[in-house]
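A short write-up of the structure that comes next.
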Amino acid sequence: MSDGGAHAGVAARFAALGLIEAVVARGRPLDEAVDQAGALDKLEPRDRAFAHALAAATIRAWGFLHCVVDACLARPDGHLPDRLRMILALGAAQLLIMNVPPHAAVGATVDLADGALVRLRGLTNALLRRMDREREALLKQFNRPRNSTPDWLWAGWAQAYGEVVTAQIAAAHQLEPPLDLTLKPGLDAGLWAERLGAQVMPTGSLRLAQGGRVADLPGYAEGAWWVQDAAAALPARLLGAGAGDGVIDLCAAPGGKTAQLSASGARVTAVDQARGRMDRLEGNLARLGLSATSVVADVAKWRPEARVPYVLLDAPCSATGTLRRNPDIALHRDAEEVRALAKVQARLFRAAVEMLAPGGTLVVCTCSIEPREGPEMVDAMLAAGAPLKRRPIAPGEVPGLADAITPKGDLRTLPSHWAQAGGIDGFFISRLTRS
Numbered sequence: 001m002s003d004g005g006a007h008a009g010v011a012a013r014f015a016a017l018g019l020i021e022a023v024v025a026r027g028r029p030l031d032e033a034v035d036q037a038g039a040l041d042k043l044e045p046r047d048r049a050f051a052h053a054l055a056a057a058t059i060r061a062w063g064f065l066h067c068v069v070d071a072c073l074a075r076p077d078g079h080l081p082d083r084l085r086m087i088l089a090l091g092a093a094q095l096l097i098m099n100v101p102p103h104a105a106v107g108a109t110v111d112l113a114d115g116a117l118v119r120l121r122g123l124t125n126a127l128l129r130r131m132d133r134e135r136e137a138l139l140k141q142f143n144r145p146r147n148s149t150p151d152w153l154w155a156g157w158a159q160a161y162g163e164v165v166t167a168q169i170a171a172a173h174q175l176e177p178p179l180d181l182t183l184k185p186g187l188d189a190g191l192w193a194e195r196l197g198a199q200v201m202p203t204g205s206l207r208l209a210q211g212g213r214v215a216d217l218p219g220y221a222e223g224a225w226w227v228q229d230a231a232a233a234l235p236a237r238l239l240g241a242g243a244g245d246g247v248i249d250l251c252a253a254p255g256g257k258t259a260q261l262s263a264s265g266a267r268v269t270a271v272d273q274a275r276g277r278m279d280r281l282e283g284n285l286a287r288l289g290l291s292a293t294s295v296v297a298d299v300a301k302w303r304p305e306a307r308v309p310y311v312l313l314d315a316p317c318s319a320t321g322t323l324r325r326n327p328d329i330a331l332h333r334d335a336e337e338v339r340a341l342a343k344v345q346a347r348l349f350r351a352a353v354e355m356l357a358p359g360g361t362l363v364v365c366t367c368s369i370e371p372r373e374g375p376e377m378v379d380a381m382l383a384a385g386a387p388l389k390r391r392p393i394a395p396g397e398v399p400g401l402a403d404a405i406t407p408k409g410d411l412r413t414l415p416s417h418w419a420q421a422g423g424i425d426g427f428f429i430s431r432l433t434r435s
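Residues in the sequence shown are numbered from 1 upward in steps of one, following my numbering.
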């Protein structure tokens, strides 16, 4: 393990603190902060994994950890420097969530109080030791899933799904998600599951516990699979495009669905307005030995030369269905942004319809569990006269997720589904045909 100071593990904790500062103070997504964190590159693999896991656990439980910090202060209303609050939250995450041995958690975390905070090391030590002594009482006093969920999200979910399901969703968001892989068609799932130490999920995805670098896993270099949550793999499958079929994949980057469609033999045109994200899509396809026509353009304005029989629209959204993987979303999103995104989705929906040939199939999806970004959006488009009708999803098309099919025939996965197997991202998927 890296040394980095008087205590083993200080360097890893400094790296985790840097990630937390990037997310909380500078508003960056956690995955982007990880990609650009030079401090992580200097760590040994085990330390790097610990730093990432610690930062994610702290951000995931941000609201809960601040309740704990305030409860341990002699004067909860007293001002603490922002960086010290982050250090204390990071220490609390080790003690109350990750079960790091107290001597390591306290000693190495106190060392993070450097520079102008050195004078507050005594306070930091006292607060962390109090958290350790009162661990059980603090865990009973506060509800981690509820305290870590912003009120506006909780209220919306409770109205849409009920309090019981909302509590289950919030609890799922506090767990580290597994790693799901989509295997290339024609490869033996059982053999690859054995090789990877993975579980074959009912829908065909391979699932393995998080840990280590993805690029080091068997099959990565030869392009046997790609990373894709089991829910994210469903829209392309439900589209039903086959060999030789023309497909337009809108908002396609980073390319998981494009890869699925290309691997099925479809003639895919992938459209996305972000050049950087499209570069990533093209790089992923190259590793996998797959091809697609890539177009960098505004989806709302771009049109193909001719209409096609299949269109897939993975509309930009609040991504609240991916909070397990992207816990920073709870800190960065708000209700007003959801309303604004719903208008964007409606505009892209109308564009997608214009690209679809008569009798063609449109699958529209969002990785959001906000009703405004799913069923309400589709209902509004149909009520406004979109020349489409729903083609209901059948239970046999989504093994293990029959209870996620809505009365109207759409699919609504929730993070609380497949709870015993590690959960699944929240997705809304609607399949429609053009009349």
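Glycine included, each C-beta is placed from N, C-alpha and C at the ideal position. Predicted model, so just to flag it, every value in this text is computed and none were measured.
Where residue i falls, given that 16 or more other Cβ within 10 Å makes a residue buried
{"i": "R213", "result": "exposed"}
{"i": "D151", "result": "exposed"}
{"i": "E194", "result": "exposed"}
{"i": "A6", "result": "With a pLDDT of only 40 at A6, under the threshold of 50, the placement of this residue in the model should not be trusted; the figure read from the coordinates follows. By the neighbour-count rule (16 or more Cβ atoms within 10 Å), A6 is not buried but exposed."}
{"i": "V363", "result": "buried"}
{"i": "E373", "result": "buried"}
{"i": "V164", "result": "exposed"}
Check whether residue i and residue j have beta carbons under 8 Å apart
{"i": "V398", "j": "L411", "result": "yes"}
{"i": "V308", "j": "C251", "result": "no"}
{"i": "V409", "j": "I393", "result": "The sequence shown places Gly at residue 409, rather than the Val named in the question. In contact: G409 and I393 (Cβ atoms closer than 8 Å)."}
{"i": "L196", "j": "L206", "result": "yes"}
{"i": "A246", "j": "S264", "result": "Reading off the sequence, residue 246 comes out as Gly, not Ala. Result no, Cβ atoms of G246 and S264 do not sit closer than 8 Å."}
{"i": "H173", "j": "P145", "result": "yes"}
{"i": "V69", "j": "H52", "result": "no"}
{"i": "T124", "j": "A116", "result": "no"}
{"i": "I87", "j": "A57", "result": "no"}
{"i": "L84", "j": "L128", "result": "no"}
{"i": "A270", "j": "S294", "result": "yes"}
{"i": "A319", "j": "C367", "result": "yes"}
{"i": "Y310", "j": "L239", "result": "yes"}
{"i": "V100", "j": "D132", "result": "no"}
Straight-line Cα distance separating residue j from residue i
{"i": "V118", "j": "V110", "result": "9 Å"}
{"i": "R347", "j": "L208", "result": "38 Å"}
{"i": "G426", "j": "T166", "result": "12 Å"}
{"i": "G487", "j": "L261", "result": "With the chain covering 1 to 435 only, the question about residue 487 has no answer from this structure."}
{"i": "M355", "j": "D249", "result": "11 Å"}
{"i": "G63", "j": "D188", "result": "44 Å"}
{"i": "E337", "j": "W418", "result": "29 Å"}
{"i": "P375", "j": "R46", "result": "43 Å"}
{"i": "K343", "j": "P387", "result": "19 Å"}
{"i": "L73", "j": "G122", "result": "13 Å"}
{"i": "A286", "j": "K184", "result": "14 Å"}
{"i": "W157", "j": "R339", "result": "15 Å"}
{"i": "L432", "j": "M381", "result": "11 Å"}
Nearest to residue i (by Cα), restricted to the options the options
{"i": "A357", "options": "P101, R434, A380 and G242", "result": "R434"}
{"i": "G422", "options": "I169, C365 and L196", "result": "I169"}
{"i": "N284", "options": "R303, V100, K257 and A306", "result": "K257"}
{"i": "L17", "options": "A74, A93, A71 and A404", "result": "A93"}
{"i": "H66", "options": "L138, L362 and A215", "result": "L138"}
{"i": "C317", "options": "C365, R13 and A306", "result": "C365"}
{"i": "L313", "options": "R339, G162 and V353", "result": "V353"}
{"i": "A297", "options": "R339, S368 and A351", "result": "A351"}
{"i": "A49", "options": "A12, L30, L80 and R85", "result": "A12"}
{"i": "G204", "options": "I405, D216, R390 and G186", "result": "G186"}
{"i": "L401", "options": "P101, V378, P202 and Q36", "result": "P202"}
{"i": "D279", "options": "G385, G219 and G255", "result": "G255"}
{"i": "S148", "options": "A259, L175 and R130", "result": "L175"}
Residue i CB to nearest heavy atom of the ligand HEM below 7 Å
{"i": "L73", "result": "Looking for the ligand HEM in the displayed structure turns up nothing, as the structure carries no ligands at all."}
- prompt: Would you call the region 222 to 239 and the region 178 to 195 in contact, with 3 or more CB pairs under 8 Å?
  reply: yes
query: Within the chosen definition, does the region 261 to 277 reach the region 324 to 333 through at least 3 CB pairs nearer than 8 Å?
result: no
- request: Would you be able to state if there are at least three C-beta pairs under 8 Å between the region 288 to 297 and the region 20 to 34?
  value: no
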